[in-house]
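Some notes on the structure that comes next.
In the numbering used here, the protein residues as written are 5 to 331.
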């Protein structure tokens with residue numbers, strides 16, 4: 005260690021022969037180390053002759069220096085092969101068993117499932133209760149399609165239209181200022197709006213999908229009314245597409261606009277049937293070219309699923325942007 009570059013302060017005295025403000029405190033440790041130049045060392049020695057405070061500091065520094073020398077003298081040097089022995093012992097440790105990785109993976113999966121379950125429990129309490137009993141209306145309609153006499157028996161397409169419309173209305177009331185009674189509570193929590201909407205979509209749409217695929221499809225298939233392929237192309241695909249459009253409209257505008265848009269889309273599909281019903285079935289109106297193209301669009305399963313995916317993705321992006329302004 006080298007002494008400081010600043011010149012040593014001039015020594016002064018007060019009425020008692022000492023002036024603490026002029027003590028070369030910064031130079032005492034260099035004096036003890038013996039690294040001061042000869043001139044500054046002589047000046048410090050001259051100051052120590054008349055300053056008891058600095059002599060006590062020098063004594064303290066000297067004791068500390070002697071203590072550090074004793075510690076260094078009694079501290080053994082590390083062996084030359086110390087690091088080599090450490091590396092060899094690390095290499096000799098048994099490698100973790102294959103099941104330990106699987107155990108860690110399983111624990112992570114259980115943690116993720118528990119977190120999702122807690123979120124689902126919380127969001128299930130905030131979702132409107134009518135979103136769960138409205139889809140049940142499709143069950144008696146499918147029963148009418150089987151057990152009513154033939155003249156009054158509705159076609160399976162009518163049940164498919166109603167099922168898609170009911171599911172879309174449920175998706176329209178998942179999230180929003182007018183539809184969510186607990187929206188203010190949700191906005192002040194650190195939970196992302198995307199996560200909230202995703203959980204609610206899984207709960208409501210999963211519930212509707214369970215009713216349609218778990219109850220309606222087996223019931224109609226066992227009675228020979230429809231086939232699974234017809235159900236996928238004419239029932240499930242339009243249901244997913246219309247529900248995604250309703251979700252997007254509810255996020256971009258509001259729930260009322262989503263319901264109005266879905267009702268309008270489905271009214272255009274039933275326009276020819278409404279005309280025939282109003283005339284008492286005596287006259288059948290030919291379908292216009294746009295009606296044929298429009299109806300054909302709703303029977304293209306892969307295209308409908310693609311539109312549904314794009315609409316849901318756009319809804320989640322728009323929801324996140326909207327959430328930044330309303331928080």
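The beta carbon of each residue, even a glycine, is placed where N, CA and C say it ideally should be.
Rounded separation between residue 170 and residue 117 - CA only:
30 Å
Do the CB positions of residue 223 and residue 146 come within less than 7 Å of each other?
yes
CB contact flag (residue 252, residue 310, <7 Å)
no
Can you say whether residue 167 is buried or exposed, counting buried as having 16 or more other CB atoms within 10 angstroms of its CB?
buried
For residue 267, tell me which candidate among 133, 249, 96 has the shortest Cα-Cα distance.
That would be 249, whose Cα lies nearest to the Cα of residue 267.
Would you call the segment 59 to 69 and the segment 33 to 49 in contact, with 3 or more CB pairs under 8 Å?
yes
Are the CB atoms of residue 52 and residue 59 within a distance shorter than 7 Å?
yes
Just to confirm before moving on: does the CB-CB distance between residue 164 and residue 216 stay below 7 Å?
no
If we count the other Cβ atoms within 10 Å of its Cβ and call it buried at 16 or more, is residue 281 buried or exposed?
Low local confidence applies: a pLDDT of 48 at residue 281 is under 50, so the model's placement there is unreliable, and no value is given.
To which residues of the same chain is residue 286 closer than 6 Å at the C-beta, ignoring the five residues directly before and after it?
Any reading at residue 286 must be qualified, since the residue scores a pLDDT of 49, below 50, and its modelled position is unreliable; the value itself is stated next. The answer is none, since no qualifying residue turns up.
Can you name the start and end residues of the alpha helix (DSSP H) that residue 298 belongs to?
293 to 301
Pair within 7 Å by beta-carbon distance, residue 172 and residue 247:
yes
Collapsed DSSP secondary structure at residue 257 in the structure displayed:
coil
On the premise that residue 308 lies in contact with residue 241, defined as a C-beta separation below 8 Å, what is that separation, rounded to the nearest angstrom?
4 Å
Environment of residue 76 [buried if 16+ CB atoms lie within 10 Å]:
exposed
Label residue 29 either buried or exposed according to how many other C-beta atoms from any shown protein chain fall within 10 Å of its C-beta, with 16 as the threshold for buried.
exposed
Which whole-angstrom value describes the C-beta separation of residue 212 and residue 144, a residue pair presumed to lie in contact below a C-beta threshold of 8 Å?
That pair is no contact at about 16 Å.
Does the distance from the C-beta atom of residue 254 to that of residue 176 stay below 7 Å?
A Cβ-Cβ contact shorter than 7 Å links residue 254 with residue 176.
Return the first residue and the last residue of the alpha helix (DSSP H) that residue 33 is part of.
Boundaries of the alpha helix (DSSP H) harbouring residue 33: 29 to 37, taken from the DSSP string.
According to the Cβ coordinates, are residue 221 and residue 209 closer than 7 Å?
no
Just mark residue 197 as buried or exposed, buried being the case when its beta carbon has 16 or more other beta carbons within 10 Å.
buried
Inter-residue Cα distance where the pair is residue 119 and residue 205
17 Å
When 141, 88, 90, 200 are compared against residue 320, the one with the closest alpha-carbon
200
Buried or exposed: which applies to residue 377, given that a residue is buried once 16 or more other Cβ atoms fall within 10 Å of its Cβ?
Lying before the first or after the last residue shown, residue 377 is absent from the chain, which here runs from 5 to 331.
Please report the distance separating the alpha-carbon of residue 133 from that of residue 174.
Annotation: residue 133 to residue 174 spans about 10 Å, alpha carbon to alpha carbon.
Let me check understanding here. Comparing Cα to Cα, which of 203, 160, 299 lies closest to residue 231?
160
Ends of the alpha helix (DSSP H) at residue 139?
Careful: residue 139 lies outside any alpha helix (DSSP H) and carries neither H nor E.
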